[in-house]
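Numbering (the numbering used here), first residue to last: 1 to 773.
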């Protein structure tokens with residue numbers, strides 16, 4: 001689409017299900033024990049590195065409280081009041097309309113035709129620059145007035161964007177450009193890739209349909225959005241409780257919880273109503289020796305109403321009808337043609353190979369669980385493991401580091417990240433003061449991303465502490481993408497009499513973004529990203545925030561996205577940083593998690609370099625990790641089935657298809673009466689692309705073990721990755737980037753056999769998983 005909003009990076013990363021204490025006391029004034037890590041010759045921690053510890057671990061904020069704002073949000077002087085965001089959106093529409101009119105007249109001049117791709121990208125950036133900022137404000141700003149203003153700005157620009165996405169005139173002009181070989185020859189590979197993105201998005205919007213069919217396309221698109229919202233509401237809706245008798249809880253492994261539940265039942269003098277997702281439900285699934293209460297809790301947790309199933313199946317049918325309307329066999333065919341996978345058949349080849357590889361490990365794990373169940377019940381033969389047995393016979397363990405580590409404060413982890421980036425890329429993180437009005441909350445910290453040769457190349461705003469009203473979970477928001485701006489030719493856009501002030505408002509908003517980097521040709525718009533997390537806030541009484549290992553993994557993951565945005569230095573914002581294929585975007589973030597496997601990397605958390613070499617395995621072993629991976633592969637297969645031509649058949653039954661897959665290819669039998677698919681929220685956000693996370697896990701694992709693992713701090717390797725992959729964003733064929741990185745030219749074709757080959761790669765991604773050595 002013309003407004004390809006960067007927004008949040010895709011992160012369907014499975015979260016650890018049972019979070020322990022989120023805050024552990026750490027007295028920063030006391031010397032902690034040194035890291036048991038392997039010492040090599042490291043770049044010493046700089047003054048800026050050490051300053052990161054002070055910024056994130058000391059409760060006093062650098063936030064300058066003032067009733068008079070010196071600047072506005074993200075340093076934009078105009079954004080000092082909520083209503084200014086609405087005014088900016090209106091001004092952006094005026095200016096965008098001028099640029100749209102210019103593009104529509106491009107056929108009158110060859111010189112203008114040569115600028116069409118650049119001007120389409122400018123038009124997209126003009127809209128995205130405000131849309132993405134408004135999206136961040138909607139999710140992070142604590143002031144309801146600001147949130148309301150952001151919603152209005154967002155809706156105004158999205159309405160205009162929707163008009164452009166189905167604008168026949170713009171499509172016809174682009175068709176003229178791409179049909180003229182003499183013009184195409186003038187386009188750089190990146191410009192041509194950008195043009196193809198616009199072309200494909202126009203076609204996916206039904207641009208070349210007849211007026212009647214185009215109206216039908218718009219109607220179907222609206223229906224899909226409405227059904228999608230209804231589906232997500234149903235997916236997140238509470239499930240009905242299971243009725244549990246007090247006598248069934250006497251043998252709970254967690255005796256304290258068992259006693260409390262029994263006392264609760266005695267006090268109320270009735271059976272307990274246990275709600276799925278509650279602490280009581282988790283404890284029963286993990287601790288109840290009697291199988292029946294676990295079965296009832298499982299049934300309750302995986303129940304659906306007929307209405308919820310109906311909404312999902314209507315959504316799937318509407319998507320299929322939309323794909324057929326634009327001449328595609330299925331929604332999966334329509335969605336995948338610009339991804340690395342290209343076709344549903346290629347996805348199936350990847351998933352089939354991955355299933356085949358994972359099955360022996362998962363069956364071995366299932367055999368272990370079956371032996372445990374046999375002993376537990378005193379059976380003479382091995383019993384079948386049911387879905388409600390998984391957590392009882394193999395309770396999920398929290399992720400753990402590969403070696404013993406002292407408590408890691410948030411500041412210490414950021415220091416380690418900065419030192420890692422210095423080794424790999426010659427880039428460091430530097431704390432910076434934010435002016436009054438620049439950030440939206442006193443807990444937000446501004447970091448400059450500094451290249452040792454080019455100076456500041458972007459900014460990261462870290463909003464990391466939990467607070468009421470803030471969006472939950474961890475996310476990376478791209479508020480501003482990189483792009484080249486010195487060849488924008490704004491003067492050619494024209495003007496509107498009486499709207500000079502409006503135009504100036506939008507122009508001044510964009511002027512703040514431009515910077516000339518040393519040792520680099522041209523003027524660039526530098527990227528701005530925001531990291532949102534919900535870590536506990538440091539306090540004077542309790543000290544610095546100490547991260548659990550799964551939180552360290554999360555931070556490394558999100559910083560992988562952030563550095564992709566920072567290092568991406570493309571001339572077109574439509575291919576900048578994380579604006580790349582869905583099944584490629586998670587590679588840099590998952591790869592970042594792998595660096596936490598290395599004792600050498602972990603030693604970067606040691607500020608004084610006094611650690612000693614010692615590497616040992618974890619204290620526990622989890623035989624069930626492969627079962628969970630196998631289950632995720634099946635979910636990816638379900639996603640493909642649900643977006644195949646099969647959904648057009650009036651007899652299509654999503655529950656029956658799920659049961660059939662589990663009973664034919666699964667390890668654990670499908671439970672009659674359950675319908676998990678109505679809680680599989682990724683079916684909406686990642687429709688036909690849920691395989692992407694598994695796919696990038698496989699590639700990231702290969703890249704780590706073949707490229708980085710031997711010497712994870714090697715600058716030459718980091719520079720190769722930086723210049724062959726990260727800098728291109730979505731401006732280069734990802735298969736070419738992967739093949740160069742792995743020195744495997746046979747991968748460059750990205751065909752069916754290549755997908756099958758990736759499926760055969762071992763997913764050694766159990767970063768911080770139990771049993772890692």
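C-beta atoms are modelled at their ideal positions from N, C-alpha and C, and glycine is treated no differently.
DSSP-derived helix/strand/coil call for residue 534: In this structure, residue 534 counts as strand in the three-state DSSP scheme.
Euclidean distance between Cα positions of residue 107 and residue 563: Here the alpha carbons of residue 563 and residue 107 stand approximately 40 Å from one another.
DSSP has residue 462 in a bridge; who is on the other side? DSSP links residue 462 through a beta bridge to 445 and 531.
Can you tell me whether residue 679 is buried or exposed, with buried defined as 16 or more other CB within 10 angstroms of its CB? Classification for residue 679: buried.
Cβ atoms of residue 122 and residue 486: under 7 Å apart, would you say? Result no, Cβ atoms of residue 486 and residue 122 do not sit closer than 7 Å.
Contact check, residue 552 vs residue 596 under 8 Å by CB: the rounded distance? Between residue 596 and residue 552 the Cβ distance is about 7 Å, and since that is below 8 Å, they are a contact.
Spatial neighbours of residue 763 in its chain, beta-carbon cut-off 8 Å, leaving aside the 5 residues before and after: Take residue 763, set aside five residues on each side of it, and the residues of its chain with a beta-carbon closer than 8 Å to its own are 354, 358, 629, 694, 697, 698 and 701, in chain order.
Checking 7 Å against the spacing of the C-beta atoms, do residue 411 and residue 53 come in under that value? Yes, the pair counts as a contact, with Cβ atoms nearer than the cut-off.
Our contact map puts residue 529 next to residue 479 with C-beta atoms below 8 Å; I'd like the distance itself, whole angstroms only. Rounded, the Cβ-Cβ distance is 6 Å, consistent with contact.
Does DSSP classify residue 293 as helix, strand or coil? Residue 293: helix per DSSP, three-state reduction.
Name the residue from 178, 234, 175 and 295 whose alpha carbon lies nearest to the alpha carbon of residue 306. Residue 306 has its Cα closest to that of 234, out of 178, 234, 175 and 295.
Just checking my contact of residue 426 with residue 452 at CB under 8 Å: how many whole Å lie between their CB atoms? Their Cβ separation, rounded to whole angstroms, is 4 Å, which keeps residue 426 and residue 452 in contact under 8 Å.
Under 8 Å: do the region 373-380 and the region 638-651 share three or more Cβ pairs, one atom per stretch? By the C-beta criterion, the region 373-380 is judged not to be in contact with the region 638-651, since fewer than 3 inter-stretch pairs fall below 8 Å.
If I'm right that residue 505 touches residue 91 with Cβ under 8 Å, what's the distance once you round it to whole angstroms? That belief holds up - the Cβ atoms of residue 505 and residue 91 are roughly 4 Å apart, short of 8 Å.
Close Cβ partners of residue 850 (< 8 Å) along its chain, the five nearest in sequence each way excluded: Nothing about residue 850 can be read from this structure; the chain reaches only from 1 to 773.
List in chain order: all unbroken alpha helix (DSSP H) runs of 4+ residues lying wholly within the region 622-687. For the region 622-687, whole alpha helix (DSSP H) runs of length 4 or above, ordered along the chain, are 625-642, 654-665 and 682-685.
Check this for me: beta carbons of residue 482 and residue 579, under 7 Å apart or not? Not closer than 7 Å, so no.
Sequence-distant residues of the same chain with beta carbon closer than 6 Å to residue 417, five excluded per side: If the five residues before and after residue 417 are omitted, its C-beta is found closer than 6 Å to the C-beta atoms of 559, all from its own chain and listed in chain order.
Okay, do the region 402-410 and the region 422-442 touch, 3+ Cβ pairs below 8 Å being the bar? Short answer: they don't touch.
Which whole-angstrom value describes the C-beta separation of residue 801 and residue 168, a residue pair presumed to lie in contact below a C-beta threshold of 8 Å? Nothing about residue 801 can be reported from this structure: the residues present for the chain run from 1 to 773 only.
Rounded to a whole number of angstroms, what is the C-alpha to C-alpha distance between residue 117 and residue 585? Rounded to whole angstroms, residue 117 to residue 585 spans 23 Å at the Cα level.
Roughly how many angstroms separate the alpha carbons of residue 732 and residue 742, rounded to a whole number? Cα to Cα, the separation comes out at about 16 Å.
Just list the alpha helix (DSSP H) runs in the region 470-532, keeping only unbroken ones of 4 residues or longer that don't cross its boundaries, in chain order. Here the runs fully enclosed are 500-511.
Where residue 450 falls: helix, strand or coil (DSSP): It is a strand residue.
For the alpha helix (DSSP H) containing residue 86, name the first residue and the last one. 82-104 is the span of the alpha helix (DSSP H), which, as asked, contains residue 86.
Please state the DSSP three-state secondary structure of residue 540. Coil at residue 540, not helix or strand.
Would you mind sorting residue 131 into buried or exposed? The rule is 16 or more other CB atoms within 10 Å of its CB. Residue 131 sits buried, since 16 or more C-beta atoms from the chains shown fall within 10 Å of its C-beta.
Mind checking residue 228: buried by the 16 CB within 10 Å criterion, or exposed? So residue 228 ends up on the buried side.
Taking the alpha carbon of residue 217 as the point to measure from, which residue in 230, 202 and 231 has its own alpha carbon closest? Relative to residue 217, the option among 230, 202 and 231 whose CA is nearest is 202.
On the three-pair Cβ rule with 8 Å, is the region 270-277 touching the region 327-338? Contact annotation: the region 270-277 does not touch the region 327-338, with fewer than three C-beta pairs closer than 8 Å.
With a threshold of 16 other CB atoms inside 10 Å of the CB of residue 525, please say whether the residue is buried or exposed. Buried: at least 16 other Cβ atoms inside 10 Å.
With DSSP run on the structure shown, which of helix, strand or coil describes residue 760? Three-state DSSP puts residue 760 in a helix.
State the Cα-Cα distance for the pair residue 735 and residue 750, rounded to the nearest angstrom. If you take the alpha carbons of residue 735 and residue 750, they lie about 6 Å apart.
Residue 349 beta carbon less than 7 Å from that of residue 760: No, the pair does not count as a contact, with Cβ atoms beyond the cut-off.
In the DSSP assignment, the beta strand (DSSP E) including residue 430 goes from what residue to what residue? Run containing residue 430: 427-432, per the beta strand (DSSP E) assignment.
Member of 103, 232 and 178 whose CA lies at the smallest distance from the CA of residue 196: When each option's Cα is compared against that of residue 196, the closest is 178.
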